[in-house]
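Presented below is the structure to which this report refers.
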Amino acid sequence: MNVKEIIPAIQAIEENRNISKEVVVEALKEALAKAYRKQIDVLDALISVDIDDVSGDVHLYQEYTVVNEVEDDELEISLEDARKRYESIQIGEIYRVAQDIDGLGRAAALLAKNVMKQKIREAEKQGVYDEYIDKLDEMVLGMIESVEDKFVVINLGKTLAMMPKAGQIPGERYVEGQTIRVVITEVNKDTKGAQVLVSRSDAKLVKRLFEKEVPEIFQGIVEIKAIAREAGERTKMAVHSYDPDVDPIGACIGPRGTRVQVVIEELKGEKIDIFEWSDNPIELIRNSLAPALVVAVYPSGEKNGLVVIVDDSQLSLAIGKKGKNARLAVRLTGHRIDIKSKSDAVEQGIDYTALMSAYEAEIERKKVQKEIDAAMAKQEALIKAREAEQESAETIVEAEVAPVIEAEAVSELEETPVEEPAETVLEAEPELEEQESNIEQEVVKKRVKKELKPRTDYVSKFETLAEAKKTGDIQAARPKRKPSRDDEEKKKEEPQAVFDL
0 MNVKEIIPAI QAIEENRNIS KEVVVEALKE ALAKAYRKQI DVLDALISVD IDDVSGDVHL
60 YQEYTVVNEV EDDELEISLE DARKRYESIQ IGEIYRVAQD IDGLGRAAAL LAKNVMKQKI
120 REAEKQGVYD EYIDKLDEMV LGMIESVEDK FVVINLGKTL AMMPKAGQIP GERYVEGQTI
180 RVVITEVNKD TKGAQVLVSR SDAKLVKRLF EKEVPEIFQG IVEIKAIARE AGERTKMAVH
240 SYDPDVDPIG ACIGPRGTRV QVVIEELKGE KIDIFEWSDN PIELIRNSLA PALVVAVYPS
300 GEKNGLVVIV DDSQLSLAIG KKGKNARLAV RLTGHRIDIK SKSDAVEQGI DYTALMSAYE
360 AEIERKKVQK EIDAAMAKQE ALIKAREAEQ ESAETIVEAE VAPVIEAEAV SELEETPVEE
420 PAETVLEAEP ELEEQESNIE QEVVKKRVKK ELKPRTDYVS KFETLAEAKK TGDIQAARPK
480 RKPSRDDEEK KKEEPQAVFD L
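Each residue of the sequence shown is one higher than the last, beginning at 0 in numbering that gives the first Met the number 0.
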């Protein structure tokens, strides 16, 4: 069978569906193997398919295991029969027989087609999933393919994504062929294929738009610490600058509002409030409820609960239309907020000034404690680092000193005179003379130190030796060594010998 006509189709699948050629070839091999098994009606037959990429030939082989005694002639072949063709074949090896697949029946061909389609679909699904799972929460550019009642189909280039009704901006009109920016919110794998969900109502879209328009955010100088959004209505965004010379709010707004205006146009006129982030909950609540003016903030007693006191004239502004301003503040800060007017607080007998002062003192105490803990942790880290450096230095010193000590010990052992038998000592008389000369020098030094006044009539043995060296009579001037106990014992044990020197 020649597969030259199939190769262009494989290349088209590779280009259009983002599937590698190897995957398509493997799918074809598996499809042909299953089709041939169905043709011979042996579902467990060993089948292998070889495809030559150069010549385009397809070869199908049925494989048999070589055994001594055949139990299943569809899977095994005797050694005797196998050696009729291959003389060197051994038991346990595979015996392959080429089969003709040009005459595959209609049922087998249909099976091969279905298997091929299934494998390509699985490979395509895996390819799409791998492509877009890494782009989760990222902004991409897509073209609207079709507009339905409950969703919009968007072509992302390599797959079709779905934007549900909840992901659309209320009031925004979508037209087929329109190019829009969306953020990928979900990537799933199911039996029908990989499913990519996108959104234009998610707050991450606003964040990605500012990252695109504001270089300081992209570079990490300015960070969007928190963001809350009511799609189509208003977005609140808290920003923080890590450079004291950079104004985070001004960087996001841009010269004459050019940067923020680009984002507003992309969101079809959505209002955006930008304020500075603060680690102090009181300041953060005040900023998040702007433009309303906050009088006091104190804990409500519930977990993450805060009571906010505003002037009576500011109550409706703090809550916002249909509670929008308060909801955005709750999402952004993560606190449950209960907004009350001054008059209500006075009627209930709440001393909000004292409560706020106590809350400020508690916040300051926690801040100081946090700084102390950070300083102590830093100090402990420095101490551990110094101890580690000291241990490392000691280890290095030990490693450097050990060879020196060992060398000195070896040197001392080498310098220590070893007492040898009399014959050996006599044979090494030149070395003995040098040792005796050194000993005499040390004796002379000690005597000179003891005497306060040097004696003029004293002639040392060293001088005698020096004089004898000049005259050549060294033997006569050699000092007589006082015999030790070991020498006397050796003298008693050994026979007396006379050497003519």
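Glycine included, every Cβ here is placed at the ideal spot set by N, Cα and C. Just so it is clear, the structure is predicted and the values come from calculations on it, not from any experiment.
Going by DSSP, T257 is part of the alpha helix (DSSP H) stretching over 257–265. If you look at E147, you'll find it isn't in any alpha helix (DSSP H); DSSP assigns it neither H nor E.
Segment contact: the region 293–305 against the region 349–363, three or more CB-CB distances shorter than 8 Å; contact assigned.
Within its own chain, the residues whose Cβ lies closer than 8 Å to the Cβ of E175, once the five positions on either side in sequence are excluded, are I143, E144, S145, V146, listed in chain order. Where N187 is concerned, the enclosing beta strand (DSSP E) starts and stops at 178–189. Shown here, S299 sits in coil according to DSSP, grouped into three states, outside any helix or strand. DSSP links P163 through a beta bridge to F150. Proximity of the region 301–308 to the region 252–261 falls short of the contact definition, fewer than three beta-carbon pairs being nearer than 8 Å. Between R207 and M138, the C-beta gap is smaller than 8 Å, which places the two residues in contact.
DSSP links H58 through a beta bridge to D49. Residue burial is scored here from C-beta neighbours: L31 has at least 16 other C-beta atoms within 10 angstroms and is therefore classed as buried.
If you draw a straight line from the Cα of I263 to the Cα of A289, it comes to about 19 Å. In terms of Cα proximity to D311, the closest of K323, I88, D129, A344 is A344.
The closest CA to that of Y173, considering only M161, T184, V151, is found on V151.
Per DSSP, the continuous alpha helix (DSSP H) segment holding A81 begins and ends at 78–81. Here Y131 is buried, its C-beta having at least 16 other C-beta atoms within 10 Å. Using a C-beta cut-off of 8 Å, the region 22–30 makes contact with the region 41–53, since at least three inter-stretch Cβ pairs fall below that distance. With a 10 Å radius around the Cβ and a threshold of 16 neighbouring Cβ atoms, P247 comes out buried.
In this structure, the CA atom of L316 is about 42 Å from the CA atom of N154.
By DSSP's assignment, Y94 forms a beta bridge with Y63.
Excluding five sequence positions before and after K341, the CB atoms of its chain that fall closer than 7 Å to its own CB belong to V294, I308, D310, D311, given in chain order.
Collapsing the DSSP output to three states places E393 in a helix. Apart from the 5 residues on each side of it in sequence, K33 sits with its Cβ closer than 8 Å to the Cβ of L110, A111, V114 in its chain, given in chain order.
Looking only at Y241, D242, P243, D272, the smallest Cα-Cα distance to G256 is reached by D272. Between V127 and the set I179, G166, E185, the nearest pair of CA atoms involves E185. The DSSP-derived three-state label of L140 is strand. Here W276 is near V238, since their CB atoms are less than 8 Å apart. DSSP, reduced to helix, strand and coil, places R330 within a helical segment of the structure shown. The beta carbons of G170 and D201 sit no closer together than 8 Å. Restricted to the region 312–360, the beta strand (DSSP E) segments that are unbroken, complete and at least 3 residues in length are 335–340, listed in chain order. Our two residues, T64 and E123, have alpha carbons roughly 36 Å apart in a direct line.
Of the candidates K203, A230, E229, the residue whose Cα lies closest to the Cα of I223 is K203. Non-local beta-carbon contacts of S299 in its own chain, meaning distances under 8 Å to residues more than five positions away in sequence, involve L305, V306, R335, D337 in chain order.
By the CB criterion at 8 Å, R199 and I168 fall inside the cutoff. Taking 8 Å as the cut-off, the beta carbon of V69 is found no closer than this to the beta carbon of E62.
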